[in-house]
Each structure stands twice: as structure tokens, then as C-alpha cells.
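Undergrad: Quick note, the sequence shown lines up with residues 1 to 356 if you use the numbering used here.
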Amino acid sequence: MEFDISFYNGKRVFVTGHTGFKGSWLCKILADAGAVVTGYSLEPPTQPSLFQTAGINQDVESVIGDIRDYKGLKSAFDAAQPEIVIHLAAQPVVRESYKNPACTYETNVMGTVNILECIRNSNCVKSFLNVTTDKVYLNKEWIWGYREDEKLDGFDPYSNSKSCSELVTHSYKNSFFRDNRVAVSTARAGNVIGGGDFAADRIIPDCIRAMAAGTVIGVRNPYSTRPYQHVLEPLYVYLMIAAKQYEDTGYADYYNVGPDECDCITTGRLVDLFCRYWGDGAAWKNQAEKNAPHEAGFLKLDCSKIKSVFGWQPRWHIEECMEMTVKFGKIWLSGGNVRAEMEREIELFFGGKING
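1) Using the three-state DSSP reduction, which class does VAL13 fall into: helix, strand or coil?
2) So, helix, strand or coil for ARG181, using DSSP?
3) In whole angstroms, what is the alpha-carbon distance linking THR395 and ILE306?
4) At the level of alpha carbons, what is the spacing between CYS103 and GLY20?
5) For CYS264, report the span of its beta strand (DSSP E) as first-last.
6) Since ARG226 is in the beta strand (DSSP E), which residue starts that stretch and which ends it?
7) Output the boundary residues of the alpha helix (DSSP H) element that contains GLU141.
8) Are TYR255 and SER308 close, meaning C-beta to C-beta below 8 Å?
9) By Cβ distance below 6 Å, which residues in the same chain neighbour GLU341 in space, the five residues on each side in sequence not counted?
10) With DSSP run on the structure shown, which of helix, strand or coil describes HIS87?
11) Restricting to Cα atoms, I'd like to know which of THR46, PHE7 and ALA54 is closest to GLU343.
12) Would ALA361 pass as a contact of ALA252 if the rule is Cβ separation under 8 Å?
13) Going by alpha carbons, who is nearest to PRO234 out of LYS11, VAL13 and ILE29?
14) Report yes if the C-beta distance between ARG95 and ASP201 is below 8 Å; otherwise report no.
15) Among residues of its own chain, excluding the 5 on either side of ASN9, which ones have a beta-carbon nearer than 8 Å to its beta-carbon?
16) Let me know the alpha helix (DSSP H) ranges lying completely inside the region 36–61, each 4 residues or longer, listed in chain order.
17) Taking the C-alpha atoms as reference points, what is the distance between GLY65 and GLY72?
18) So, under 8 Å CB-CB, ALA210 and ILE204 are touching, yes? Tell me the CB distance rounded to an integer number of Å.
19) Distance check for TYR223 and GLN287, CA to CA, integer angstroms please.
20) Going by alpha carbons, who is nearest to ASN108 out of LYS22, ILE208 and TYR158?
21) From PHE155, GLU166 and GLU83, pick the residue whose C-alpha is nearest to that of VAL131; which is it?
22) Quick one: is GLY336 buried, meaning 16 or more other Cβ sit within 10 Å of its Cβ, or exposed?
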């Protein structure tokens, strides 16, 4: 099944969490495709940030606000009158969720309630996608990938709050949207890498920071296996789901989004690749912490469903992902044009210019 990004030309799209890493890339794609984009989010969560460095504010109507603030969210939502809503806003870091569990639940659970309330109390939305995570599943550390009908029960406050976000979405779908006036889906994506991620406690940003400082990369969990993919992979899928269910509510469902099995690798292997592509003597060391907060050791997704339903296949394997990520990192460190690099990678991924 082919997906034509030109579907978004002229569509009114509301993106929560637009100032974050994924949100910035998503807004750039949508704007290039000709969508009328309104973003609602806190100020960029990192300094530096991709949103500011790449000038994403020029691509969207940017509203700075807290997803926990229903009144502020509803005001921005009503002004935008969106046809499509993509919900990315979240507290997305596992270790931060141990430090601030209440804030994590307020943001990830009540934030989902608030955006669904906006949709429930409107007549403009036809398609809603809630982006969660592969960590929503009860992780038994088994070697096969989790399917969409597995039990939802994340361990840590972040993962568990996203499990709750899924359940909230399921409830609203069953309680208020059974008439299919709004197509509702969730997407459970694996770990993403790519240029412009400056978050704390993430491995690629840690690598870039080490290169900037001229130090050896410290790796906390080198033997943990994760489904790594370039950030453009899940964003393409989000846009595909939102578009297809807009046209046919039969596509509304719950979908895993992850790489092929060959790209489910250990963090140590990922950093090996980073060092190889970076060169210049880049190296890493094991910095496993004693008494560190629990994080899953093995996690893999079964993406058979989305491949079967949409005929989707990942475009880039992990080596290509890392090549892009390193190139972007070097451009940023040298003070180069990161916006132009975003455009280059988007055009390469989509097979040409996507300007609407």
C-alpha cells in the first residue's frame, strides 16, 4: 500500500509536544508537505534544542502551554480547528520518571485525557493518533517480540504511565467514538535515534556530548537490547496511520512500530557503530551504575500487524541510521546548517522533495 505525503497538503493538523525531538522533525515534514500545523507544547525541553536550532517555529503556529492545563489547551485547540491530531506531548525519560513520578503521571495520563476531552467536545477532528512507546507491555524479558494484544503493564513510572495513556485512549474510543466520527489509534514505537536529539539520559545525545567535550563515551547499559530505528521511520508511520484512518476508519487500531529484527541490537553495539562512523578516536567505556533504577534489559516488538495491514517496511537499517545521525551531529558541532540537513534527510527518506 502506497502512502502519498501530499495527502497533508492543506490539512489542519494539531501536534502536541511539537518542541521536542520527534515533534520538531514531525512539524518539518508536515510543513514541507503543505499542512497547516498548530503545535502545543512547553518550551523546548533541552538546551540546545532542535526546535530552536532548525527554526521550526517558522513552520508552525507555535503555542507554548502545558498539556496538563486543559483550559489553555482547549483555547489553542479551538482556535486551530484541527482535522487531524497527533499526540506526542509526554515526560519521555525513564530515569526522570523515578525522580518525578507524580509529574510523569500528570503529564502522560491527564495530558492524554485533556487532548481527548478537546476532541470529544469538538466536531472538527476526523483522525486522532496517540503516540506511546514499546515500553507499555508487561516485559518478561523473553526473546520474541511483543504483539499488540499482549498485556499492558509498564514497570517504571514512565512506562506505566504510557500504559495508562493507552488504556485511557481505549476507554474514550469505546465510550465516546464508537460511532466512528473520530478514528482513534495508538502507535507503540521503539527507540529512536537521529540528529537533533539533545535529551539527558539517552545514549546518542550522550555520545554527541562526549564528542563535544573530547571525552570517552560512558555507557550505562551496554548489554541492554533495544529496537533502534531512525526518527523518520516512526514519523512516517504516524503520518500514514493518521491519513489512512482519516479516509477509512477501518484502519483505526493499535500498532507496534519498530525496526526489523536485525536492527534490535545491544546498546554497546550501537555505540560501536557510532564510534566507527564518527572516527577521530571515538571510544566508549562501560559505566554500569550500582543500585541504578530498574530499566528493561531486553525488549523487542513484533511489527507483523502494521506490515500486513499497510504493507509497510522499514527503509533504513541501523548502519544507515547511524551514518545519518553522525553526519547530523558533526554538522551541528561545526556550526553548520542543521535545517538544511533535516531537509536533505527528509527528501532522501521520502524519495524526493515533498513540498506541498
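Ideal placement from N, C-alpha and C gives every residue a C-beta, glycine not left out.
All values reported here derive from a predicted model rather than from experimental measurement.
TA: The short version:
1) strand
2) Of the three classes helix, strand and coil, the one that applies to ARG181 here is coil, per DSSP.
3) What is shown of the chain runs 1 to 356, which leaves residue 395 out entirely.
4) 17 Å
5) Looking at the DSSP string, the run of the beta strand (DSSP E) that includes CYS264 is 264–266.
6) 225–227
7) Segment: none, GLU141 is in no alpha helix (DSSP H) and carries neither H nor E.
8) Not closer than 8 Å, so no.
9) PHE328 and ILE331
10) strand
11) Taking each of THR46, PHE7 and ALA54 in turn and checking the Cα distance to GLU343, the smallest one comes out for ALA54.
12) Past the edges of the chain, shown from 1 to 356, lies residue 361, and the structure says nothing about it.
13) ILE29
14) yes
15) ALA33, GLY34, ALA35 and GLY356
16) 50–53
17) Cα to Cα, GLY65 sits roughly 7 Å from GLY72.
18) Your pair ALA210 and ILE204 does not check out as a contact, with CB atoms roughly 11 Å apart and the cut at 8 Å.
19) 12 Å
20) When LYS22, ILE208 and TYR158 are compared, the shortest CA-CA separation from ASN108 is found for TYR158.
21) GLU166
22) exposed
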